[in-house]
Amino acid sequence: MSTLRVKGVTVRFGEVTAVDDVTLTVEPGVTGLIGPNGAGKTTLFDVISGLRRPSAGQVSLDEEDITSKGPHQRSRMGVARTFQRLEVFGSLTVWENVVVALESRRRPARLAGELLERVGIAKFADDQADTVPTGAARLLELARALATDPVLLLLDEPSSGLDRAETEEFGELLRQLSAEGRSVVLVEHNMDLVMGYCDHVHVLNLGRLLVSGTPDVVRAHEGVREAYLG
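Throughout the sequence shown, residue numbering follows full-length UniProt numbering, covering 1 to 230 in sequence.
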(Lines of atoms letter the chains of each structure in order from A and count residues from 1; the text may use other names and numbers.)
(Lines give C-alpha, C1' and ligand atoms only; values in the text may rest on other atoms or scores of the structure.)
Protein backbone atom coordinates (compact mmCIF):
# COMPACT_ATOMS: atom_id res chain seq x y z
CA MET A 1 0.00 0.00 0.00
CA SER A 2 1.54 3.28 -1.11
CA THR A 3 0.92 6.94 -0.40
CA LEU A 4 1.65 9.69 -2.91
CA ARG A 5 2.36 13.20 -1.70
CA VAL A 6 2.51 16.27 -3.94
CA LYS A 7 3.82 19.32 -2.11
CA GLY A 8 3.80 22.87 -3.49
CA VAL A 9 4.10 21.71 -7.11
CA THR A 10 4.20 24.50 -9.68
CA VAL A 11 4.68 24.14 -13.44
CA ARG A 12 5.34 27.15 -15.66
CA PHE A 13 5.48 27.34 -19.43
CA GLY A 14 7.13 30.72 -19.99
CA GLU A 15 4.72 33.28 -18.57
CA VAL A 16 1.91 30.76 -18.20
CA THR A 17 1.47 28.92 -14.90
CA ALA A 18 -0.24 25.59 -15.67
CA VAL A 19 -0.05 24.20 -12.11
CA ASP A 20 0.11 26.67 -9.25
CA ASP A 21 1.42 25.56 -5.83
CA VAL A 22 -0.62 22.34 -5.62
CA THR A 23 -0.40 20.22 -2.48
CA LEU A 24 -2.37 16.98 -2.16
CA THR A 25 -2.14 13.45 -0.82
CA VAL A 26 -3.29 10.24 -2.49
CA GLU A 27 -3.91 7.26 -0.23
CA PRO A 28 -4.69 3.69 -1.32
CA GLY A 29 -8.17 3.66 -2.85
CA VAL A 30 -9.75 5.38 -5.84
CA THR A 31 -9.07 9.11 -6.16
CA GLY A 32 -10.58 11.46 -8.74
CA LEU A 33 -8.73 14.46 -10.17
CA ILE A 34 -11.27 16.66 -11.91
CA GLY A 35 -11.65 20.19 -13.26
CA PRO A 36 -12.43 22.13 -16.43
CA ASN A 37 -10.35 21.76 -19.57
CA GLY A 38 -7.04 23.52 -19.04
CA ALA A 39 -7.17 23.15 -15.26
CA GLY A 40 -3.74 21.47 -15.16
CA LYS A 41 -4.79 17.86 -14.56
CA THR A 42 -2.72 16.16 -17.25
CA THR A 43 0.25 18.42 -16.52
CA LEU A 44 0.10 17.31 -12.88
CA PHE A 45 -0.01 13.68 -14.07
CA ASP A 46 3.12 14.40 -16.14
CA VAL A 47 4.88 15.62 -12.99
CA ILE A 48 3.76 12.63 -10.90
CA SER A 49 4.82 10.12 -13.57
CA GLY A 50 8.18 11.83 -14.16
CA LEU A 51 7.56 13.06 -17.71
CA ARG A 52 7.90 16.67 -16.61
CA ARG A 53 10.08 18.26 -13.95
CA PRO A 54 8.16 20.81 -11.87
CA SER A 55 9.29 24.42 -11.73
CA ALA A 56 8.93 24.16 -7.95
CA GLY A 57 7.70 21.67 -5.39
CA GLN A 58 8.21 18.03 -4.48
CA VAL A 59 6.70 14.63 -5.25
CA SER A 60 7.18 11.73 -2.86
CA LEU A 61 6.07 8.10 -2.82
CA ASP A 62 6.00 6.41 0.57
CA GLU A 63 8.08 9.24 2.05
CA GLU A 64 10.79 8.87 -0.63
CA ASP A 65 11.43 12.03 -2.65
CA ILE A 66 11.05 11.04 -6.31
CA THR A 67 11.02 14.56 -7.78
CA SER A 68 14.30 14.05 -9.65
CA LYS A 69 13.63 10.46 -10.74
CA GLY A 70 12.77 9.72 -14.37
CA PRO A 71 9.78 7.75 -15.67
CA HIS A 72 11.67 4.45 -15.85
CA GLN A 73 12.84 4.76 -12.25
CA ARG A 74 9.30 5.54 -11.10
CA SER A 75 7.97 2.61 -13.11
CA ARG A 76 10.33 0.27 -11.27
CA MET A 77 8.97 1.73 -8.02
CA GLY A 78 5.45 0.76 -9.09
CA VAL A 79 4.09 3.85 -10.87
CA ALA A 80 2.07 3.13 -14.04
CA ARG A 81 0.10 5.43 -16.28
CA THR A 82 -2.30 5.63 -19.19
CA PHE A 83 -2.67 8.66 -21.46
CA GLN A 84 -5.47 10.92 -22.66
CA ARG A 85 -4.26 10.28 -26.20
CA LEU A 86 -4.19 6.54 -26.89
CA GLU A 87 -0.68 5.10 -26.79
CA VAL A 88 -1.02 1.51 -27.97
CA PHE A 89 1.38 -0.34 -30.27
CA GLY A 90 -0.91 -0.28 -33.28
CA SER A 91 0.93 -2.82 -35.43
CA LEU A 92 0.90 -5.45 -32.64
CA THR A 93 -2.05 -7.53 -31.53
CA VAL A 94 -3.87 -6.71 -28.32
CA TRP A 95 -2.27 -9.77 -26.68
CA GLU A 96 1.21 -8.78 -27.88
CA ASN A 97 0.77 -5.27 -26.42
CA VAL A 98 0.35 -6.78 -22.96
CA VAL A 99 3.20 -9.26 -23.44
CA VAL A 100 5.58 -6.38 -24.17
CA ALA A 101 4.71 -4.82 -20.79
CA LEU A 102 5.05 -8.18 -19.01
CA GLU A 103 8.47 -8.76 -20.50
CA SER A 104 9.62 -5.32 -19.38
CA ARG A 105 9.08 -6.47 -15.79
CA ARG A 106 10.20 -10.08 -16.41
CA ARG A 107 6.75 -11.44 -15.71
CA PRO A 108 5.52 -14.54 -17.59
CA ALA A 109 3.68 -14.00 -20.88
CA ARG A 110 0.96 -16.44 -19.76
CA LEU A 111 -0.42 -13.62 -17.59
CA ALA A 112 -1.42 -11.65 -20.70
CA GLY A 113 -4.59 -13.63 -21.22
CA GLU A 114 -5.54 -13.28 -17.56
CA LEU A 115 -5.12 -9.51 -17.71
CA LEU A 116 -7.20 -9.23 -20.87
CA GLU A 117 -9.92 -11.30 -19.18
CA ARG A 118 -9.76 -9.10 -16.13
CA VAL A 119 -10.34 -5.86 -18.04
CA GLY A 120 -12.97 -7.48 -20.27
CA ILE A 121 -11.33 -7.46 -23.70
CA ALA A 122 -10.16 -11.07 -24.13
CA LYS A 123 -12.27 -11.35 -27.28
CA PHE A 124 -9.95 -8.84 -28.98
CA ALA A 125 -6.74 -10.70 -28.05
CA ASP A 126 -5.79 -11.59 -31.65
CA ASP A 127 -6.91 -8.32 -33.21
CA GLN A 128 -4.42 -5.70 -34.30
CA ALA A 129 -4.47 -3.01 -31.63
CA ASP A 130 -5.17 -0.10 -33.98
CA THR A 131 -8.35 -1.79 -35.27
CA VAL A 132 -10.25 -2.25 -31.99
CA PRO A 133 -12.91 0.20 -30.73
CA THR A 134 -11.72 3.18 -28.68
CA GLY A 135 -13.19 1.79 -25.47
CA ALA A 136 -11.35 -1.51 -25.94
CA ALA A 137 -8.11 0.35 -26.65
CA ARG A 138 -8.56 2.26 -23.38
CA LEU A 139 -8.95 -1.03 -21.53
CA LEU A 140 -5.91 -2.40 -23.36
CA GLU A 141 -3.90 0.50 -21.95
CA LEU A 142 -5.17 -0.44 -18.50
CA ALA A 143 -4.23 -4.11 -18.97
CA ARG A 144 -0.77 -3.08 -20.12
CA ALA A 145 -0.37 -0.83 -17.07
CA LEU A 146 -1.50 -3.66 -14.77
CA ALA A 147 1.12 -5.91 -16.37
CA THR A 148 3.73 -3.97 -14.41
CA ASP A 149 1.92 -4.76 -11.12
CA PRO A 150 1.75 -1.10 -10.06
CA VAL A 151 1.19 0.29 -6.58
CA LEU A 152 0.18 3.68 -8.04
CA LEU A 153 -1.99 3.71 -11.15
CA LEU A 154 -2.61 7.00 -13.00
CA LEU A 155 -5.48 6.83 -15.50
CA ASP A 156 -6.11 9.75 -17.86
CA GLU A 157 -9.69 9.76 -19.25
CA PRO A 158 -10.00 5.96 -18.92
CA SER A 159 -13.77 5.74 -19.56
CA SER A 160 -13.64 7.55 -22.90
CA GLY A 161 -15.28 5.32 -25.49
CA LEU A 162 -17.07 3.10 -22.98
CA ASP A 163 -20.86 2.83 -22.94
CA ARG A 164 -22.84 3.07 -19.72
CA ALA A 165 -22.76 -0.65 -18.88
CA GLU A 166 -19.04 -0.87 -19.66
CA THR A 167 -18.40 2.19 -17.49
CA GLU A 168 -20.18 0.57 -14.55
CA GLU A 169 -18.10 -2.59 -15.02
CA PHE A 170 -15.00 -0.42 -15.16
CA GLY A 171 -15.99 1.28 -11.90
CA GLU A 172 -16.30 -2.11 -10.21
CA LEU A 173 -12.85 -3.02 -11.53
CA LEU A 174 -11.45 0.16 -9.97
CA ARG A 175 -12.88 -0.93 -6.63
CA GLN A 176 -11.26 -4.35 -7.00
CA LEU A 177 -7.89 -2.77 -7.77
CA SER A 178 -8.11 -0.51 -4.75
CA ALA A 179 -9.11 -3.47 -2.56
CA GLU A 180 -5.77 -5.03 -3.52
CA GLY A 181 -4.02 -2.09 -1.87
CA ARG A 182 -3.33 -0.05 -5.00
CA SER A 183 -3.66 3.72 -5.19
CA VAL A 184 -5.69 4.57 -8.30
CA VAL A 185 -5.98 8.16 -9.56
CA LEU A 186 -8.19 9.04 -12.49
CA VAL A 187 -8.50 12.22 -14.49
CA GLU A 188 -12.06 11.91 -15.72
CA HIS A 189 -14.94 13.97 -17.10
CA ASN A 190 -17.60 11.32 -16.46
CA MET A 191 -19.03 12.64 -13.20
CA ASP A 192 -21.20 9.56 -12.64
CA LEU A 193 -18.04 7.46 -12.57
CA VAL A 194 -16.13 9.91 -10.35
CA MET A 195 -18.91 10.52 -7.84
CA GLY A 196 -20.04 6.90 -7.82
CA TYR A 197 -16.72 5.11 -7.42
CA CYS A 198 -14.10 7.49 -6.02
CA ASP A 199 -13.29 7.54 -2.31
CA HIS A 200 -11.75 11.01 -2.53
CA VAL A 201 -11.78 13.79 -5.13
CA HIS A 202 -9.40 16.69 -5.80
CA VAL A 203 -10.65 19.58 -7.94
CA LEU A 204 -8.29 21.78 -9.95
CA ASN A 205 -9.27 25.09 -11.52
CA LEU A 206 -6.89 27.40 -13.39
CA GLY A 207 -3.97 25.37 -12.09
CA ARG A 208 -4.87 25.69 -8.41
CA LEU A 209 -6.40 23.18 -6.03
CA LEU A 210 -9.95 24.35 -5.43
CA VAL A 211 -11.14 21.71 -2.95
CA SER A 212 -10.41 18.16 -1.77
CA GLY A 213 -12.84 15.82 -0.07
CA THR A 214 -15.33 13.02 -0.44
CA PRO A 215 -17.63 13.08 -3.46
CA ASP A 216 -20.43 14.49 -1.29
CA VAL A 217 -18.22 17.33 -0.03
CA VAL A 218 -17.02 18.16 -3.54
CA ARG A 219 -20.53 18.01 -5.03
CA ALA A 220 -21.80 20.47 -2.41
CA HIS A 221 -18.94 22.96 -2.79
CA GLU A 222 -20.21 26.18 -4.31
CA GLY A 223 -16.95 26.95 -6.05
CA VAL A 224 -16.97 23.56 -7.76
CA ARG A 225 -20.51 24.05 -9.01
CA GLU A 226 -19.58 27.43 -10.44
CA ALA A 227 -16.31 26.33 -11.98
CA TYR A 228 -17.22 22.95 -13.26
CA LEU A 229 -20.34 21.02 -12.34
CA GLY A 230 -22.86 23.73 -13.13
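No residue lacks a Cβ here, since even glycine has one placed at the ideal position from N, Cα and C. Just so it is clear, the structure is predicted and the values come from calculations on it, not from any experiment.
Does chain C have any CB closer than 8 Å to the CB of T67?
In summary, chain C is missing from the structure at hand, where a single protein chain is found.
Between the CA atoms of E226 and A80 - distance to the nearest angstrom:
33 Å
Pop quiz: A39 and T10 are said to be a contact at Cβ under 8 Å. What is the actual Cβ separation, rounded to whole angstroms?
Actually they do not touch by this definition, with Cβ atoms about 14 Å apart.
In this structure, does DSSP put N205 in helix, strand or coil?
strand
Does P108 pass the burial test, meaning 16 or more other C-beta atoms within 10 Å, or should it be called exposed?
exposed
May I have the straight-line CA-CA distance separating G8 from K123, to the nearest angstrom?
45 Å
L193 to G70 span [Cα, whole Å]:
31 Å
What are the boundary residues of the beta strand (DSSP E) that includes F13?
L4 to F13
Short of 6 Å in beta carbon distance, which residues of its chain neighbour S178, apart from the five on each side in sequence? Order them along the chain.
G29, V30 and V184
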